[in-house]
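Asks: Got a structure for you, questions after.
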Amino acid sequence: MDTGLTTISEAAIEKHRATAQSFITRIVVLEDPSRESGTALAGTNRRFVSTVSVGSVRRTREVELAKTVQAVHPDDQLLTIAQHTLLYRARRGLAIALAISDVFAEGSDLESLQAKNARAPLEGDEAARFKKLLSASAYVSAFSFASYLFQLIDSDGEAPNDSPEPDFLFDTPQDAVKSIVAGLDKAIAGSKDDADLATRARAFARVAIDGLLARKGRFDGIGPFENAHIRIDVDDFTLDGFDVAPGKRSKPLVMTFKKPEEVVGNHIAKYQSIKLAKMLMAYDFERELNPFVELGGFLFTFIGDGAPGTGKTTLIQMIAGLVNGYCQVAGYPFAYENFGVDQISSYQGKSGQNCRQFINNVLNPRVIGFGTIDDIDQVAARRSDDRASAGQQEITGVLMDAFAGASTVVRGNCCFGMFSNYPENVDDALRQRAGARWLVDGPQSRDDYIDIFVLLAGKNHKIPLGDHKLYAAQEIQRAVAEAYEEHEKPQEDGLMKVYERYMKENGAPKTMADIGTYLHMIKDAEPHFTGRAIKNVTDAIKLRAMDFELPDDWFEKPEAFMHKSYDDKKAMIEELRGPFSMDMVMQEINRYADSEFRYSDKSDDAAVEKLLRDARLRERAAREMEELKTKGLW
Numbered sequence: 001m002d003t004g005l006t007t008i009s010e011a012a013i014e015k016h017r018a019t020a021q022s023f024i025t026r027i028v029v030l031e032d033p034s035r036e037s038g039t040a041l042a043g044t045n046r047r048f049v050s051t052v053s054v055g056s057v058r059r060t061r062e063v064e065l066a067k068t069v070q071a072v073h074p075d076d077q078l079l080t081i082a083q084h085t086l087l088y089r090a091r092r093g094l095a096i097a098l099a100i101s102d103v104f105a106e107g108s109d110l111e112s113l114q115a116k117n118a119r120a121p122l123e124g125d126e127a128a129r130f131k132k133l134l135s136a137s138a139y140v141s142a143f144s145f146a147s148y149l150f151q152l153i154d155s156d157g158e159a160p161n162d163s164p165e166p167d168f169l170f171d172t173p174q175d176a177v178k179s180i181v182a183g184l185d186k187a188i189a190g191s192k193d194d195a196d197l198a199t200r201a202r203a204f205a206r207v208a209i210d211g212l213l214a215r216k217g218r219f220d221g222i223g224p225f226e227n228a229h230i231r232i233d234v235d236d237f238t239l240d241g242f243d244v245a246p247g248k249r250s251k252p253l254v255m256t257f258k259k260p261e262e263v264v265g266n267h268i269a270k271y272q273s274i275k276l277a278k279m280l281m282a283y284d285f286e287r288e289l290n291p292f293v294e295l296g297g298f299l300f301t302f303i304g305d306g307a308p309g310t311g312k313t314t315l316i317q318m319i320a321g322l323v324n325g326y327c328q329v330a331g332y333p334f335a336y337e338n339f340g341v342d343q344i345s346s347y348q349g350k351s352g353q354n355c356r357q358f359i360n361n362v363l364n365p366r367v368i369g370f371g372t373i374d375d376i377d378q379v380a381a382r383r384s385d386d387r388a389s390a391g392q393q394e395i396t397g398v399l400m401d402a403f404a405g406a407s408t409v410v411r412g413n414c415c416f417g418m419f420s421n422y423p424e425n426v427d428d429a430l431r432q433r434a435g436a437r438w439l440v441d442g443p444q445s446r447d448d449y450i451d452i453f454v455l456l457a458g459k460n461h462k463i464p465l466g467d468h469k470l471y472a473a474q475e476i477q478r479a480v481a482e483a484y485e486e487h488e489k490p491q492e493d494g495l496m497k498v499y500e501r502y503m504k505e506n507g508a509p510k511t512m513a514d515i516g517t518y519l520h521m522i523k524d525a526e527p528h529f530t531g532r533a534i535k536n537v538t539d540a541i542k543l544r545a546m547d548f549e550l551p552d553d554w555f556e557k558p559e560a561f562m563h564k565s566y567d568d569k570k571a572m573i574e575e576l577r578g579p580f581s582m583d584m585v586m587q588e589i590n591r592y593a594d595s596e597f598r599y600s601d602k603s604d605d606a607a608v609e610k611l612l613r614d615a616r617l618r619e620r621a622a623r624e625m626e627e628l629k630t631k632g633l634w
């Protein structure tokens, strides 16, 4: 098949509408009775499983999806909007799935073999190949139909855990989609209301996709479809091979965007946020790679920590606003998602599924993605915390695997930001998977506080400004230079002791060996400063080597940079790149190591405070016991 974007005309879809209509009206399917009995367990959707084998015997069943949908409100002759939407989506999805199977046939030998078989039955190798490709076509149509339902059925309810898997049949594309219609009919039977109907339908689509992916290895004729990119604009439906597509239709991003000049303080975090937004836009959709990943310096994960009210949410709004604006200029799809505490489920395994879906939605190589985990210390738990819920532990495992697991592939189309007021409560291994550390400390200087007050107060007054140059302290280049210079020496007391001892014994570092000695001394003082910490430091140094501002005019018109080829974009970036210096190396080591010492100190301080509080409570309890004994009440 064509590995570029495949468009399917409305005429090709309309050709199958009558067939699709007949499928949702009434079909007869063959099912394996050994899968389940017809008797449901009281009060559940589960059924008894027969212990007696009936071999290969199959039985017929009539399926009338339209009647099953109408049965949700049996006293109403008209369908509700939710009922009609489900039926319409089912019919439309069937027509699109059959049209996609036609495209698959055209891109393989199946079309010519079908023509030959129509003239005379095929024999030998041709018959075997025909059967193999027909089964592959059936698999493609089933996956397309299940993906369509999954993407276009909206549901915010808690999905049931017992959605039945379809009794798949892959003889022909029509048989394959019929088996999914039959499974959908079973899944929604007995729905209590419209919300339950949509929830069950979407949960079934997810189960069907999982079942199809588990069977993918059986089909050796589906290889060409792996790289297919199909887009139906009318439905906002995208199919990228067998990648599991985002679970909901893309909607306009609704968010209060912030401009960089509206962020006061947080100079390094703001500066790197602006650079990150421009880096994402260098992504090449054809190559599915970003030049910054190849050249070094791409920021895949970061963690922002600071006290409440210092500007973490404002940074999120600024990054999302910048990327959204650039995507609108370039005509690229932008996906922003936040994963929060509301997605922790009481069902075993469901929290992990929710987190994996969040990760997959942002990682989708056909979009520019930005994912955030706000209050990461509440969402994901330390693995040693026996008070954490099972859902929090599941999320920790999923995030660790996604951010730096064995199968993690960084394409450069997206990044993930974790934010916390208490990063010391985040699992050490997960925290170290953050490639960059941003201290979000908000406004600091007198000038910062004047700027933020003037900004937030607005213009509905006649109070004079006074002796102050408004926003001069927020000039990004000067502010960042001053902020980096502050890290020429450590900020935390623990690291300062290591630094002073190193300087006393070795003097100022001049060689790579000197740097290694300093790193080893930090490791002796702070055990959390591991090999992954060294990787994060070197990534930050490479980012500093890219310490140049991509010109704004590159992003004003798409043809200036964003729509150029991958090689052209890479060459344009390389022209701006320079070597990193020893000053940059020491600043980045100190910046990263400071964060580890800061987290350890905060964690130790919290533990000491807890012990002191417990001791005070014991002393108070002892005093009150003595008083009660004196009064004869104990």
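For what it's worth, UniProt numbering labels the leading residue of the sequence shown as 1, then goes sequentially. Using N, Cα and C, we set each Cβ at its ideal position, and we do this for glycine too. Model, not experiment: these values are computed from the prediction.
Three or more beta-carbon pairs under 8 Å between the stretch 304-315 and the stretch 381-392, yes or no?
Replies: no
Asks: I need the straight-line Cα distance from residue 506 to residue 579, nearest angstrom please.
Replies: Distance between the alpha carbons of residue 506 and residue 579 is about 25 Å.
Asks: Going by the DSSP bridge assignment, what does residue 436 pair with across the sheet?
Replies: 302
Asks: Helix, strand or coil, according to DSSP, for residue 537 in the structure here?
Replies: helix
Asks: Reducing DSSP to helix, strand and coil, say where residue 91 ends up.
Replies: helix
Asks: Since residue 72 contacts residue 193 with CB under 8 Å, what's their CB separation in whole angstroms?
Replies: Contact flag correct, Cβ pair sits at about 7 Å.
Asks: Could you tell me which uninterrupted beta strand (DSSP E) segments, each at least 3 residues in length, are contained entirely in the stretch 214-270, listed from first to last along the chain?
Replies: 229-232 and 237-240
Asks: Let's test the definition: count the other Cβ atoms within 10 Å of the Cβ of residue 275 and tell me whether it reaches 16, buried, or not, exposed.
Replies: Classification of residue 275: buried, given that the 10 Å Cβ count is 16 or more.
Asks: At 4 residues or longer, and completely inside the stretch 486-544: list those alpha helix (DSSP H) runs for me, N to C.
Replies: Correct list: 493-506 and 512-525.
Asks: What residue from 13, 301, 30 and 257 has the CA that sits closest to residue 94's CA?
Replies: 13
Asks: Could you give the C-beta distance for residue 379 and residue 340, rounded to a whole number, given that I count them as a contact under 8 Å?
Replies: 7 Å
Asks: To the nearest angstrom, report how far apart residue 616 and residue 626 are at their CA atoms.
Replies: For residue 616 and residue 626, the distance between alpha carbons rounds to 16 Å.
Asks: What three-state label does DSSP hand residue 7 in the structure shown?
Replies: strand
Asks: How about residue 398 and residue 359: are their beta carbons less than 9 Å apart?
Replies: yes
Asks: For residue 628, collect the residues of the same chain with a Cβ closer than 7 Å to its Cβ; drop the 5 residues on either side in sequence, then sort them by chain order.
Replies: 634
Asks: In its own chain, which residues sit with a C-beta less than 8 Å from the C-beta of residue 201, not counting the 5 before and 5 after it?
Replies: 86, 149, 153, 155, 184, 187 and 188
Asks: How far does the alpha helix (DSSP H) with residue 390 in it reach, from first residue to last?
Replies: 390-404
Asks: Is the beta carbon of residue 456 within less than 8 Å of some heavy atom of the ligand HEM?
Replies: What this structure holds is no ligand at all, so the ligand HEM is not there to describe.
Asks: Please report the straight-line C-alpha distance between residue 496 and residue 444, rounded to a whole angstrom.
Replies: 22 Å
Asks: Residue 96: buried (16+ other C-beta within 10 angstroms of its C-beta) or exposed?
Replies: buried
Asks: Quick one: Cα of residue 331 to Cα of residue 281, how far?
Replies: 11 Å
Asks: Please confirm whether residue 321 and residue 452 have their CB atoms less than 9 Å apart.
Replies: no
Asks: May I have a chain-ordered list of the alpha helix (DSSP H) segments no shorter than 4 residues that lie completely inside the stretch 99-142?
Replies: DSSP runs (the alpha helix (DSSP H)) wholly in the stretch 99-142: 110-119.
Asks: From the DSSP output, in three-state form, read off residue 332 for me.
Replies: coil
Asks: Taking a contact to mean a Cβ-Cβ separation below 9 Å, would you say residue 213 touches residue 257 in this structure?
Replies: Taking a C-beta distance under 9 Å as the contact criterion, residue 213 and residue 257 do not qualify as a contact pair.
Asks: To which residues does DSSP link residue 327 through a beta bridge?
Replies: For residue 327, which the question treats as bridged, DSSP gives no partner whatsoever.
Asks: Starting from the C-beta of residue 593, find all residues in its chain whose C-beta is less than 6 Å away, skip the five residues before and the five after it, and write them out in chain order.
Replies: 495 and 522
Asks: Quick check on the DSSP output: the alpha helix (DSSP H) that includes residue 575 runs from which residue to which?
Replies: 566-576
Asks: Below 9 Å between beta carbons: does that hold for residue 179 and residue 166?
Replies: yes
Asks: Do you know offhand how far residue 272's Cα is from residue 238's?
Replies: 32 Å
Asks: Can you tell me whether residue 587 is buried or exposed? The criterion is at least 16 other CB atoms within 10 Å of its CB, across all chains shown.
Replies: buried
Asks: Excluding the five sequence neighbours on either side, which residues of its own chain have a C-beta within less than 8 Å of the C-beta of residue 401, listed in chain order?
Replies: 407 and 408
Asks: By alpha-carbon positions, which one of 220, 26 and 78 ends up nearest to residue 62?
Replies: 26
Asks: Could you tell me which of 499, 528 and 527 sits nearest to residue 517, measuring between CA atoms?
Replies: 499
Asks: Once you ignore the five residues that flank residue 6 on each side, which residues in its own chain have a CB closer than 8 Å to its CB?
Replies: Within the same chain, residue 6 has close Cβ partners 103, 228, 229, 230 and 231.
Asks: Where does residue 447 sit, in a helix, a strand or coil, going by DSSP?
Replies: helix
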